[in-house]
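Asks: Those protein sequences? They're chains A and B, same order as listed. Residue 247 in my numbering sits at position 247 of the first sequence, with consecutive numbering throughout. Basically my numbering = 1-based index in the second sequence + 1000. The beta carbon of each residue, even a glycine, is placed where N, CA and C say it ideally should be. Computed from a prediction, not measured in an experiment: that's the story for all the values here.
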Amino acid sequence: MVATSRPHVNSVISEPLWVRLALIALALVFLGLFLMLPLFVVFAEALRGGIGAYVEAFTEPDALAAIRLTLITAAISVPLNIVFGVAAAWAIAKFDFAGKSLLITFIDLPFSVSPVIAGLIYVLLFGAHGWFGPWLVANDVEIIFAVPGIVIATIFVTFPFVARELIPLMQEQGNEEEEAALSLGAGGWQTFRRVTLPNIKWGLIYGVLLCNARAMGEFGAVSVVSGHIRGETNTMPLHVEILYNEYNFTAAFAIASLLALLALVTLVLKTVLEWRYGAELAAARRL
Amino acid sequence: MFLNLGVGLRFAAVGLVLSAMASTSASAGTDILNVSYDPTRELYRSFNKAFIEDWKARTGEVVAVRMSHGGAGKQARAVIDGLAADVVTLALAYDIDVIAEKTELIPADWQTRLPHNSAPYTSTIVFLVHKGNPKGICDWDDLAKPGIQVITPNPKTSGGARWNYLAAWGYALRTWGGDEAKARDFVAAIFRNVPILDTGARGATTTFVRRGIGDVLLAWENEAFLAINELGPDKFEIVVPSVSILAEPSVTVVEGNAKKHGTLKIAQAYLEYLYAPEGQRLAAKHYYRPVLPEHADPADVARFPKVDLFTIDSLGGWRKAQAVHFADGGVFDQLYQPNR
Chain A
1 MVATSRPHVN SVISEPLWVR LALIALALVF LGLFLMLPLF VVFAEALRGG IGAYVEAFTE
61 PDALAAIRLT LITAAISVPL NIVFGVAAAW AIAKFDFAGK SLLITFIDLP FSVSPVIAGL
121 IYVLLFGAHG WFGPWLVAND VEIIFAVPGI VIATIFVTFP FVARELIPLM QEQGNEEEEA
181 ALSLGAGGWQ TFRRVTLPNI KWGLIYGVLL CNARAMGEFG AVSVVSGHIR GETNTMPLHV
241 EILYNEYNFT AAFAIASLLA LLALVTLVLK TVLEWRYGAE LAAARRL
Chain B
1001 MFLNLGVGLR FAAVGLVLSA MASTSASAGT DILNVSYDPT RELYRSFNKA FIEDWKARTG
1061 EVVAVRMSHG GAGKQARAVI DGLAADVVTL ALAYDIDVIA EKTELIPADW QTRLPHNSAP
1121 YTSTIVFLVH KGNPKGICDW DDLAKPGIQV ITPNPKTSGG ARWNYLAAWG YALRTWGGDE
1181 AKARDFVAAI FRNVPILDTG ARGATTTFVR RGIGDVLLAW ENEAFLAINE LGPDKFEIVV
1241 PSVSILAEPS VTVVEGNAKK HGTLKIAQAY LEYLYAPEGQ RLAAKHYYRP VLPEHADPAD
1301 VARFPKVDLF TIDSLGGWRK AQAVHFADGG VFDQLYQPNR
């Protein structure tokens, strides 16, 4: 703007110093206020009653049951999502078929649908007066207000994480390496294990991390199908709400701090992955 | 490779089926599920302990009682949708009526099966205000004044909130000699002062005492006592209005479920124990007014202030109240318009 005589490449691509400083400060203040401060409050509140009360919050039977259920839910939904995610990404990236873009849209659906609606869908399907309700009741199968319902709702909301991570990766990689392996006489499974998997592993791990974090932290969808039976169908996020409502603030924040820790661990793992294998990740993406 | 993916899927399917089986085999005939409303958590925690001991002493059988708490309307809905409650202990008779109406689980005449309209304890609606009552709130009139913030949960989802609403309505009818138009204006004025509608009584209490929003909380008497107890008598105090409503939280066995689980006998004994001396003592201890006060500790009973109480029947009963006030497009919908 100012120097019109020179080719003003520099002044176009770099902002004035004060703009840069202001933007950085704004981002930091925002992060501090909306992310770091609440995180700090969670830990401060959790430890306010001392270490003893903090530990006690985890050894209480209902808390243990909530932690166990959360782990079971993640242990079932994450592997299922890996299988589904790899299969879907494979199908979308390597084959051409009618309705492909529709499939991609459907994979994104859980991102755009409110989790509460996701929960209600399953109540309408599997509830006692839902579509499959009478059959389920007659055959004594419990889905809603029991562990299977919680797992199904969790699978729904975590559906896109693995697939979404893999689709662009596999699309860029194309079919050549697999075709080469197959033409050299490798079987299908061998090709997948020795060629495809190494190519997608970082993307896969990244997707699994995000999927796992969401599976453990999901509240809305799980809340609708849980029935809130103490020690039985309460996951950790639901247990936090219950404790908070029972004026048991220390325990509520203690469990919340465990969830926050999980988020931090996920972040650290993700950063380590990116730092350590950044080159490989980028290379895999470029291929 | 797709074959192998298939194997993986089958594994996962087996996992799902296994977890389904695990959850059905959990109810082996000696544990019952009590689906209750929000503020009964503390009551049933001690009551369950007492019942389990008593049942063991009487029969030698070890039972377990599982609990589920939430807004009464939401809980009734969950039972209708298949939450396998053996007994329901909800905030008002209408919520159980709805279950009886929409399912085959409970007979229509359920309320006659236990004494005192199947309400082993009663309560009423009082005001919780900040210590020293800085806004000078003494009666229902004060809630309708401009500049007062009133906290109450949503009558659409919370049983306690329906009692709150009807208590105000009943007061207005008495004050203006049954003039419904005046009552409508009065209750509308109160709800104009409501900044937030929580879904359950406990959520509203937390909004008021913990987040510090509002000048007065309309609360169950037991909830108000409990809040003071848990969060410091130096911060809040109870104001008893000149008249209020007699709230009868009702209990009943969900026969259809209990028969299926083989827990009918335990479920019946569980509710009968609420009327036993120990059950009545515990109710009073947890700030519910016992229907048989002679069994309760006199010191506990003495804590309940004398209030002029009217019943839901004087307003035409629950079915009418529900249809007129809380149904979609009813009086509540007409007079409550948020963000005005």
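#1: Have a look at the DSSP bridge pairing and note the partners of G1329 (chain B).
#2: May I have the straight-line CA-CA distance separating P16 (chain A) from L23 (chain A), to the nearest angstrom?
#3: Identify whether H1295 (chain B) lies in helix, strand or coil by the three-state DSSP scheme.
#4: Three or more beta-carbon pairs under 8 Å between the stretch 1221 to 1232 of chain B and the stretch 1032 to 1046 of chain B, yes or no?
#5: Residues of chain B with a CB under 8 Å from the CB of V123 (chain A): which are they?
#6: Check whether the stretch 102 to 121 of chain A touches the stretch 198 to 214 of chain A, counting contact only when three or more Cβ pairs, one atom from each stretch, lie closer than 8 Å.
#7: Interface residues of chain A around T1206 (chain B) at Cβ under 9 Å?
#8: Any idea what DSSP makes of H239 (chain A), helix, strand or coil?
#9: Which residues in chain B sit within 9 Å of G133 (chain A), going by Cβ to Cβ distance?
#10: I'd like to know if the stretch 1226 to 1237 of chain B and the stretch 1137 to 1146 of chain B are in contact, where contact means that at least 3 CB-CB pairs between them fall below 8 Å.
#11: Would you decide whether R1202 (chain B) is buried or exposed? Buried here means 16 or more other CB atoms lie within 10 Å of its CB.
#12: Which two residues bound the contiguous alpha helix (DSSP H) that contains R1174 (chain B)?
#13: Just to confirm the assignment, what range does the beta strand (DSSP E) spanning M1067 (chain B) have?
#14: Cutting at 6 Å between CB atoms, please list the residues of its own chain near L1092 (chain B), excluding the five before and the five after it.
#15: Is S1025 (chain B) helix, strand or coil by DSSP?
#16: Using a Cβ-Cβ cut-off of 7 Å (strictly less than) and excluding sequence neighbours within five positions of I51 (chain A), which residues of its own chain qualify?
#17: Tell me the DSSP bridge mates of P1290 (chain B)?
#18: Would S223 (chain A) and T233 (chain A) qualify as a contact pair, given that the criterion is a beta-carbon distance under 7 Å?
#19: Can you pull the chain A neighbours of E1101 (chain B), defined as C-beta to C-beta under 8 Å?
#20: Measuring only the C-alpha atoms, how far is G127 (chain A) from D96 (chain A)?
#21: Establish whether the CB of S1068 (chain B) and some CB of chain A are separated by less than 7 Å.
#22: Span of the beta strand (DSSP E) holding T105 (chain A)?
#23: Where do the ends of the alpha helix (DSSP H) carrying D1095 (chain B) lie?
#24: Determine, using beta carbons only, whether I1137 (chain B) and G1214 (chain B) come nearer to each other than 7 Å.
#25: Strictly under 7 Å for the Cβ-Cβ distance: is R1202 (chain B) near chain A by that measure?
#26: Anything in chain B within Cβ reach of F40 (chain A), meaning under 9 Å, just list it in chain order.
#27: Are the C-beta atoms of H239 (chain A) and some chain B residue less than 7 Å apart?
#28: Would you tell me roughly how many angstroms separate the C-alpha atoms of S1250 (chain B) and S1118 (chain B), rounded to the nearest one?
#29: Taking the C-alpha atoms as reference points, what is the distance between S1023 (chain B) and S1314 (chain B)?
#30: On the criterion of 16 or more Cβ atoms from any shown chain inside 10 Å, does F30 (chain A) qualify as buried, or is it exposed?
#31: Specify, as a first and last residue, the run of the alpha helix (DSSP H) that S1244 (chain B) falls within.
Replies: A quick look at the data gives this:
#1: As a first step, residue 1329 (chain B) must be located in the second sequence, where it is residue number 329. G1329 (chain B) is not bridged to any residue.
#2: The count along the first sequence starts at 1 and reaches residue 16 (chain A) at position 16. The count along the first sequence starts at 1 and reaches residue 23 (chain A) at position 23. Near 11 Å, if we compare the C-alpha coordinates of L23 (chain A) and P16 (chain A).
#3: As a first step, residue 1295 (chain B) must be located in the second sequence, where it is residue number 295. Helix at H1295 (chain B).
#4: yes
#5: For the purposes of this step, residue 123 (chain A) is taken as residue 123 along the first sequence, with counting starting at 1. Near V123 (chain A) (Cβ distances below 8 Å), the residues of chain B are D1081.
#6: no
#7: Residue mapping note: residue 1206 (chain B) aligns to position 206 of the second sequence, counting from 1. The contacting residues are Y244, N245, Y247.
#8: Counted from its first residue, the first sequence places residue 239 (chain A) at position 239. Correct three-state label for H239 (chain A): helix.
#9: Indexing the first sequence from 1 puts residue 133 (chain A) at position 133. Correct list: D1081, G1082.
#10: no
#11: As a position in the second sequence, residue 1202 (chain B) is number 202, starting the count at 1. Buried, since its Cβ has 16 or more Cβ neighbours within 10 Å.
#12: Translated into positions along the second sequence, residue 1174 (chain B) becomes position 174. Here the alpha helix (DSSP H) through R1174 (chain B) covers 1159 to 1175.
#13: Position 67 of the second sequence, counted from the start, is the residue given in the question as residue 1067 (chain B). Per DSSP, M1067 (chain B) belongs to the beta strand (DSSP E) from 1064 to 1070.
#14: Numbered from 1 along the second sequence, position 92 holds the residue referred to as residue 1092 (chain B). Closer than 6 Å at the Cβ level, and outside the excluded window around L1092 (chain B), lie G1159.
#15: Along the second sequence, one-based indexing puts residue 1025 (chain B) at 25. Legend: pLDDT at S1025 (chain B) = 40, less than 50; position of this residue unreliable, value from coordinates given subsequently. If DSSP states are grouped into helix, strand and coil, S1025 (chain B) belongs with coil.
#16: Within the first sequence, residue 51 (chain A) is the residue found at index 51, counting from 1. Cβ within range, chain order: n/a, list empty.
#17: Translated into positions along the second sequence, residue 1290 (chain B) becomes position 290. Note: P1290 (chain B) sits in a beta bridge opposite B:Y1121.
#18: Taking the first residue of the first sequence as position 1, residue 223 (chain A) is located at position 223. Taking the first residue of the first sequence as position 1, residue 233 (chain A) is located at position 233. Contact: no.
#19: By one-based count along the second sequence, residue 1101 (chain B) stands at place 101. Those do not exist, as E1101 (chain B) stays about 12 Å from chain A at its closest Cβ, beyond 8 Å.
#20: Position 127 of the first sequence holds residue 127 (chain A). Position 96 of the first sequence holds residue 96 (chain A). The straight-line gap from Cα to Cα measures roughly 38 Å.
#21: Against the second sequence, residue 1068 (chain B) aligns to sequence position 68. So yes, S1068 (chain B) belongs to the interface.
#22: To locate residue 105 (chain A), count along the first sequence from 1; it is residue 105. Run containing T105 (chain A): none in the beta strand (DSSP E); it sits in the alpha helix (DSSP H), 100 to 112.
#23: Within the second sequence, numbered from 1, the residue matching residue 1095 (chain B) stands at position 95. Counting along the chain, the alpha helix (DSSP H) containing D1095 (chain B) begins and ends at 1093 to 1102.
#24: Residue numbering aside, residue 1137 (chain B) sits at position 137 when the second sequence is read from its first letter. Residue numbering aside, residue 1214 (chain B) sits at position 214 when the second sequence is read from its first letter. Not a contact, by the Cβ cut-off of 7 Å.
#25: Here residue 1202 (chain B) refers to the residue found at position 202 when the second sequence is read from its first residue. Taking Cβ atoms only, chain A reaches closer than 7 Å to R1202 (chain B), which makes this a yes.
#26: Here residue 40 (chain A) is taken as the residue at index 40 of the first sequence, counted from 1. Simply none; closest approach about 19 Å.
#27: Here residue 239 (chain A) refers to the residue found at position 239 when the first sequence is read from its first residue. Chain B contact via Cβ: absent.
#28: Along the second sequence, one-based indexing puts residue 1250 (chain B) at 250. Along the second sequence, one-based indexing puts residue 1118 (chain B) at 118. Each residue's Cα considered, the two are about 5 Å apart.
#29: Counting from one through the second sequence, the residue named residue 1023 (chain B) turns up at place 23. Counting from one through the second sequence, the residue named residue 1314 (chain B) turns up at place 314. Below a pLDDT of 50, predicted positions are generally treated as unreliable, and S1023 (chain B), at 44, falls in that range; no measurement from the model is reported.
#30: Your numbering for residue 30 (chain A) matches position 30 in the first sequence. Result: exposed.
#31: Here the question's residue 1244 (chain B) lines up with position 244 in the second sequence. First-last for S1244 (chain B): 1243 to 1247, but that is the beta strand (DSSP E), not the alpha helix (DSSP H).
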